[in-house]
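Participant:
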């Protein structure tokens with residue numbers, strides 16, 4: 018990996034809402050996810066995981 022590419026990769030959190038049917042919707046922050054949670058109905062939950070974001074790719078470090 019080149020030095021330029023190393024600078025472009027950063028650790029971050031990814032937030033999702035998973036509805037009762039298992040469908041997932043990705044959000045950039047906890048605030049956004051919790052604001053939208055009520056729109057997905059009963060059984061919907063907010064989950065998070067650690068990811069590394071590069072220029073063209075997001076790689077999960079941990080699972081939901």
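In the working numbering, the protein residues as written are 18 to 81. Note that CB positions come from ideal geometry on N, CA and C, so glycine has one too. If you're wondering where the values come from, they're calculated on a predicted model, not measured in any experiment.
#1: Alpha carbon to alpha carbon, how far is residue 40 from residue 64?
#2: To the nearest angstrom, how far is it from the Cα of residue 34 to the Cα of residue 71?
#3: Per DSSP, what are the beta-bridge partners of residue 35 in this structure?
#4: Quick check on the burial criterion: 16 or more other C-beta atoms within 10 angstroms. Buried or exposed for residue 19?
Facilitator: To lay it out plainly:
#1: Position 23 of the chain shown, counting from 1, holds the residue named residue 40. Position 47 of the chain shown, counting from 1, holds the residue named residue 64. Near 12 angstroms, if we compare the C-alpha coordinates of residue 64 and residue 40.
#2: Counting from one through the chain shown, the residue named residue 34 turns up at place 17. Counting from one through the chain shown, the residue named residue 71 turns up at place 54. C-alpha separation (whole angstroms): 23 angstroms.
#3: Counting from 1 along the chain shown, the entry for residue 35 is found at position 18. Per DSSP, 41 and 62.
#4: Reading the chain shown from its first residue, position 2 is the one you call residue 19. Residue confidence is low: residue 19 scores 48 on pLDDT, short of 50, so the model does not pin down where it sits. No coordinate-derived value is stated.
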